[in-house]
Structures are given as C-alpha cells and as structure tokens.
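Everything in the sequence shown is counted per UniProt numbering, starting at 1 for the first residue and increasing by one.
The C-beta atom is built at its ideal place from N, Cα and C for all residues, glycine as well.
Only a predicted model underlies this, so the values are computations on that prediction, with no experimental measurement involved.
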Amino acid sequence: MSWDLNGLFRRHAKEVVRFLCRRGMNRETAHDLTQDAFVRLLSYNGRSDRGQGNPRALLFHVARNLSIDFYRRERLVQYADLTDEEFLAIPDLSPSVETIVYDQQRLAITAAALAELPERTRLAFELHRLGDMTINEVAEQLELSSTRTWALIREAYHHIRQRLQAATD
C-alpha cells in the first residue's frame, strides 16, 4: 500500500506546524521539523506496516519524536553571550586563500600524474587508495598476484611523488 504524500502534505502540514508550535517550538523550527517529518515518512512509505491504516497518526508520531529529539539536543548545547570584541577574537580556523590555491595546484598535479600512468597501474592505485580496497582485493579484481599489485601501487606512489617534487623545485 502506498500513500499519497503530496496530498498528505497539503492536508496536514499546517496542522503539524501548529501541533509543534503548541509544544513550544518557534514557527521556523516547527516548519523545519514538519519538513523532516515528511522526509521520514518517505522512508517508511510502503516499506513497513507502520502507519498503513493511518498515515496521519504516523506523521504526528514522527513529528512528536522529532520535537523530543530537538529539545534533547537543545539542552546539550550551551550558548555564550559574546561581545563584538570577543567574537572577533575567535580565531578563524579555515584555511587561507594561499593554502587553498596550493592544495588545488597539488591536486591538479596529482590528477595529471595519475593520467600519465599505464591504465593497470592507475587502476590498481585508484582501487587501493580511493576505493579503500586491500592489496589482495585489488589483486583479485585485476587478476594479478598480490606482489605484482603492490609493485604497481608503489610505482604509482613513486610517480606521483616525483611529479609533486618536480613542481615544487
């Protein structure tokens, strides 16, 4: 059985917002939690027996649980009242523009170095390093011995390292 979520939203969204406001939510938070409740309903739709007979009841149950979770999180968060000077004294931990540009250049050099590799070497490196596969899994995938696979991956590391060093010299 599938629900008409669009119709359910049109019929009950405002009602859920009012319900959440009566539970002490401000209007903006109530709207956010209403959206979240409908997203949760999407995950239930047709996959379980939950609310099959009464999706409206399930909607309000989900909204109630989301409001409880929201208040629990709010209790854990501590707010600080800062002056403008104190706020401006907080260090900015984001990387500098120079660091971002430097990292992007190194990434471009790495991508170019990978493109220069023979396909099997590049694939072994990508499967191991980017695909989080073990050497043995990569060897099985490429139908190679684990010794040969490790040699290909080392070769890729060496090639990339050479290109990065050449760029900084």
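* To do: Please confirm whether residue 29 and residue 70 have their CB atoms less than 9 Å apart.
  => yes
* **Per-residue burial, residue 160 [other beta carbons within 10 Å of its own, 16 or more giving buried]** => buried
* Asked: Shortest alpha-carbon distance to residue 62 belongs to which of 16, 76, 106?
  -> 16
* Roughly how many whole angstroms lie between the Cα atoms of residue 88 and residue 78? -> 19 Å
* Using the beta-carbon count (16 or more within 10 Å), is residue 97 buried or exposed? -> exposed
* Whole-angstrom distance between residue 128 and residue 151, CA atom to CA atom -> 12 Å
* Can you tell me the Cβ-Cβ gap for residue 130 and residue 122, rounded? I've got them flagged as a contact below 8 Å. => The Cβ separation is near 11 Å, so there is no contact.
* residue 141: which of 154, 156, 125 sits nearest, CA to CA? -> 125
* Asked: Where does the unbroken alpha helix (DSSP H) through residue 171 begin, and where does it stop?
  -> A query on residue 171 cannot be resolved here, the shown segment of the chain reaching from 1 to 169 and no further.
* **Per-residue burial, residue 67 [other beta carbons within 10 Å of its own, 16 or more giving buried]** => buried
* **CB-CB length for residue 12 against residue 72, believed under 8 Å** => No, residue 12 and residue 72 are not in contact; Cβ-Cβ is about 25 Å, not under 8 Å.
* Measure the alpha-carbon distance for residue 1 versus residue 117 and round it to whole angstroms. => Residue placement at residue 1 is poorly supported in this model, since its pLDDT is 47, which falls under 50; the coordinates are not used for a value here.
* Report buried or exposed for residue 138, applying the criterion of at least 16 other Cβ atoms within 10 angstroms of its Cβ. => buried
* Assign residue 153 to buried or exposed, taking buried as 16 or more other Cβ atoms, counted over all protein chains shown, within 10 Å of its Cβ. => buried
* **Straight-line gap, residue 163 to residue 92 (C-alpha atoms, nearest Å)** => 32 Å
* Give the straight-line distance between the Cα atoms of residue 95 and residue 112, rounded to the nearest whole angstrom. => 24 Å
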